[in-house]
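In the working numbering, the protein residues as written are 12 to 223.
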DNA sequence: AGGACGATTAACT
DNA sequence: GTTAATCGTCCTC
C-alpha cells in the first residue's frame, strides 16, 4: 500500500529527512522502475527565497500550493525535468526535491533511459537523473503518489529516522544558502556532489573595465 | 514582444 | 577546473 497522505502533510523540513530510505515506484511506458531515496532538499513556503513559490502562486507552482502527496515536476535549463513531493497542508507551498536515489528495481530500464551512466550508483544520482530514470516529465506534474492506481507511487517510508541522516546547505541555489535544508544518507554513493550555488554575473553588469 | 535566468548535466581542457 | 546545450517561466517594457 502507498504511504498515507497524512504522513506527508507536514512541513517540508520535517518530511525531507523522513523520505530518506523511502521507495518511489514508477510504471511508465509499461515498465517499472523503483528508487530508494538517498538525498532530498526541502523548499518551505513563500518565505523561502530559494523556492519556486517565493513569488507566489503561478500556473507553474500551483501544485506546490495544493495538498501533500502530489508530484511537483518542473522543467529547467531547457532540457531537464526534476521532481518534488508536495509537503505541508493545503494552501502552503511546501515541497521536497528528490535529488538522489538508488535504483532498486528496473535497473535495466533505468540504464536504457540513462545511457551516459557508467555505474549503477550514477543512474539516479542528481535530481534530473533521478527523474529520467523514473521516466518522469510534464505529464506527471500533479500526480497523486498516495493513489495506488497512479503511474507513480510512494511505496514506503521508514518508520524511524536513520542515524545516517546528515543535513547541510542546498545545492545550486544562489540565495538562502545558510539554511541546512538538504538531507542525505551518509555513505550512500548515489548522493550527488555538493556544488555551492553561485550567483551568475548579470548580463547587463559590467566587469571591471581594464581598458587603458 | 523581448530578454534574463534557471532547484542541471555531460563533455571537455 | 570550464562551458555549451536549450526552452519554459517570469519580469519588464
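For every residue, glycine included, the Cβ atom is placed at its ideal position computed from N, Cα and C.
Taking a contact as a CB-CB distance under 8 angstroms, the pair residue 104 and residue 72 counts as one, their CB atoms being some 7 angstroms apart. DSSP places residue 119 within a helical segment (H, G or I) once states are collapsed to three. Assignment of residue 65 by DSSP, reduced to helix, strand and coil, places it in the helix class. Contact annotation, residue 153 with residue 74: C-beta distance approximately 5 angstroms; criterion of less than 8 angstroms satisfied.
Bridge pairing for residue 205: absent [DSSP]. Under the three-state reduction of DSSP, residue 33 is assigned to coil, being neither helix nor strand. Between residue 176 and residue 158, the alpha-carbon positions lie close to 28 angstroms from each other. Judged by DSSP secondary structure, residue 143 falls within the alpha helix (DSSP H) whose first and last residues are 138-145. Residue burial annotation: residue 194 is buried, with at least 16 other C-beta atoms found within 10 angstroms of its C-beta.
Taken in chain order, the unbroken stretches of alpha helix (DSSP H) that lie wholly in the segment 41-92 and span 4 residues or more are 73-76. The beta carbon of residue 42 is closer than 7 angstroms to those of 117 and 120 in its chain, skipping five residues each way along the sequence. In the structure shown, residue 179 falls within a strand segment according to DSSP collapsed to helix, strand and coil. In chain order, 82, 84, 109, 142 and 147 place their CB closer than 6 angstroms to the CB of residue 94, counting only its own chain and leaving out the 5 sequence neighbours on each side.
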